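Enquirer: Just so you know, we're using UniProt numbering here: the sequence shown kicks off at 1 and counts up by one. Note that beta-carbon positions come from the ideal geometry of N, C-alpha and C, so glycine has one too. Being a predicted model, the structure only gives us computed values, none of them experimental.
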Amino acid sequence: MRLVLIGATGGTGLHVIDQAIDRGHHVVAYCRRPDALKPRPGLTVAGGHLDDRDALVSALSSADAVLCTIGPKAGLAGMFGVTVMQDNVPLISAAMRDAGVSRLVLLSAYGVGDTARTASPLARFAYKTMVASAYRDKEISETALAAAGLDVTRVLPVILDDGPLNPHATVRPMSTVRKVSGLPKVSRATVAAAILDAAESGATTGERLLVSAPGTISG
1 MRLVLIGATG GTGLHVIDQA IDRGHHVVAY CRRPDALKPR PGLTVAGGHL
51 DDRDALVSAL SSADAVLCTI GPKAGLAGMF GVTVMQDNVP LISAAMRDAG
101 VSRLVLLSAY GVGDTARTAS PLARFAYKTM VASAYRDKEI SETALAAAGL
151 DVTRVLPVIL DDGPLNPHAT VRPMSTVRKV SGLPKVSRAT VAAAILDAAE
201 SGATTGERLL VSAPGTISG
């Protein structure tokens, strides 16, 4: 597959590149700082900003799927007044329509929107305080995305860490989830694998896929 990755220089994006190439896909990494990535077999680096419509449409041309792993900055900057998804997801969806590409796998987060109702009390408190702005930003952008006419799969990980890929992690549609216990974590490498699995399977179109540690989900 020809996969266009937006958010390639972030923690999850870097894992997506490595794993996608290992699976035999070709990745086009569209990023503001092309010098941050070294081209290698299976990887093309395209420089540009998301508000540069012509450059973005050119990068998206002939893509089988677009993978979006952008998100807010870490630390205090990612806690208040976050609009990164509201600002950029509409630019991506519009460019996809111009390029004739319909398949999008979007990295979201567990706890966004109505998914929080299945979380533990401690997790719900965290969603309403520490990450409230970032999650509201995601919710607004994803509500608007629903009207864009694209074939979207949203991947919703629990708390991210930098551990190794866990082949035993649970990936389930939110429609089958009744409760998620505690404050589970999942590695960025594991989430990258879930993103690629979704891109490879048309069966996940329209789904919200929860990615969590083994034994934390009941349905």
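If you measure from the beta carbon of G13 to each beta carbon in chain B, is any gap under 8 angstroms?
Expert: The chain labelled as chain B is not found in the depicted structure, where only one protein chain is given.
Enquirer: Of the residues D51, A123 and M130, which one's Cα is nearest the Cα of N88?
Expert: Of D51, A123 and M130, the residue nearest in Cα terms is D51.
Enquirer: Starting from the N-terminal side, write out each stretch of the beta strand (DSSP E) that is 3 residues or longer and does not extend beyond the stretch 103-143.
Expert: Those beta strand (DSSP E) runs which fall completely within the stretch 103-143 and span 3+ residues are 103-107.
Enquirer: Rounded to whole angstroms, what's the CA-CA distance from L210 to H15? Just pull it up for me.
Expert: Whole-angstrom Cα-Cα distance: 18 angstroms.
Enquirer: Following the continuous beta strand (DSSP E) through P157, name the residue where it begins and the one where it ends.
Expert: Taken as a continuous stretch (DSSP letters only), the beta strand (DSSP E) holding P157 covers D151 to P157.
Enquirer: Return the CA-CA distance between V208 and G48, expressed in angstroms with no decimal places.
Expert: Going by the sequence as given, residue 208 is Arg instead of Val. Cα-Cα distance, rounded: 29 angstroms.
Enquirer: Might you give, ordered along the chain, the residues of its own chain that have their beta carbon closer than 7 angstroms to the beta carbon of A109, omitting 5 neighbours on each side?
Expert: Excluding positions up to five away in sequence, the list reads Y135, K138, L156 and P157.
Enquirer: Can you check DSSP and say which residues form a bridge with G10?
Expert: None; G10 has no bridge partner.
Enquirer: Entirely within the stretch 27-90 and at least 3 residues each: give me those beta strand (DSSP E) ranges in chain order.
Expert: Within the stretch 27-90, the complete beta strand (DSSP E) runs of at least 3 residues are 43-47 and 65-68.
Enquirer: Does the pairing of the stretch 57-66 with the stretch 88-105 give three or more beta-carbon distances under 8 angstroms?
Expert: Flag = yes, the stretch 57-66 and the stretch 88-105 touch.
Enquirer: Between the alpha carbons of L104 and L150, how many angstroms are there, rounded?
Expert: So the alpha carbons of these two residues sit roughly 7 angstroms apart.
Enquirer: Have a look at K38 and I6 and give me their C-alpha separation to the nearest angstrom.
Expert: C-alpha separation (whole angstroms): 16 angstroms.
Enquirer: Going by CA-CA distance only, name the one from R33, A36 and R188 that's closest to P167.
Expert: Considering only alpha carbons, the answer is R188.
Enquirer: Three-state secondary structure (DSSP) at L145?
Expert: The answer is helix: DSSP assigns L145 an H, G or I state.
Enquirer: Rounded to the nearest angstrom, what separates A99 and Y127 at their Cα positions?
Expert: So the two alpha carbons sit approximately 36 angstroms from each other.
Enquirer: Counting only the same chain and skipping the five closest in sequence on each side, list residues whose C-beta sits under 7 angstroms from that of G13.
Expert: Once the five neighbours on either side are set aside, the close Cβ partners of G13 are L5, G7 and T69.
Enquirer: Judging by CA-CA distance, which residue of R40, S61 and V191 is the nearest neighbour of L160?
Expert: Comparing Cα-Cα distances from L160 to each of R40, S61 and V191, the minimum goes to V191.
Enquirer: In whole angstroms, what separates the C-alpha of residue 304 from that of A29?
Expert: The chain is shown only over 1 to 219; residue 304 falls outside these bounds and no answer can be derived.
Enquirer: In terms of DSSP beta bridges, what is P173 paired with?
Expert: Answer is L209, bridged to P173.
Enquirer: Under a three-way DSSP split, which group does L160 fall into?
Expert: Strand.
Enquirer: Using beta-carbon positions only, say whether D162 and G10 come within less than 8 angstroms of one another.
Expert: The answer is no: Cβ separation not under 8 angstroms.
Enquirer: Bridge partners for R2 per DSSP, in chain order?
Expert: Beta-bridge pairing links R2 to H26.
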